[in-house]
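**Student:** In terms of my numbering, the sequence shown opens at residue 329 and continues consecutively.
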Amino acid sequence: MDHIDRKIIDILQKDARAPLKQIADQVFLSSPAVSARIARLEKDGCLTGYQAQVDAVKMGYLVKAFINLDMDPQRKPEFYPYIQACPQVVECCCVTGDYSMLIEVLFATTQELDTFINQLQQYGRTRTQIVFSTPVEHRGVPVSREEDEKA
């Protein structure tokens, strides 16, 4: 992967609907060359998909929370299918520290969140943090690294 591939990824992370011509102009290549690079990045698994960013509040999700779950590792085979089937779970990460899972969720009300936490407690002890504001929304993966800047 070279600096042009990284620039293409950066452009697509900011606007997945950017026209090939616009991307080509920004990286100083032809549209067919950019198309070929994008196809290679998809084939290599660097680009894993495209999705729209949605305003959760406008969709009725007024409560965003992070739930820490302390769970016995032996329960993972039973827990993973359960958590994958929960539509309000935005992300679930297996983490280090006092808790084994960090779960990001969206709900319309705190009552719905409370019901979910009660169900989740069948897997272990929880600690929940409700988000008041998000000064930095989820953003793309940084495309430039220190090694690139030194080269």
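The C-beta atom is built at its ideal place from N, Cα and C for all residues, glycine as well. Here the structure is a predicted model, which means the values were calculated and not measured.
(1) Counting Cβ pairs closer than 8 Å, one from the segment 391-404 and one from the segment 453-472, do we hit at least three?
(2) The alpha helix (DSSP H) spanning A393 covers which residue range?
(3) Closer than 7 Å by C-beta to A384: which residues in its own chain qualify, once you throw out the five before and the five after it? Chain order, please.
(4) Near I458, which residues of its chain fall below 6 Å by C-beta distance, leaving aside the five closest residues on each side in sequence?
(5) Can you name, in chain order, every residue of its own chain whose Cβ lies under 8 Å from the Cβ of Q354, other than the five neighbours on each side?
(6) Going by CA-CA distance only, name the one from D330, L448, L441 and A413 that's closest to M429.
**Tutor:** Inspection of the coordinates gives the following:
(1) yes
(2) No alpha helix (DSSP H) holds A393; the beta strand (DSSP E) holding it covers V391 to M399.
(3) K392 and L434
(4) A393
(5) K335 and I339
(6) L448
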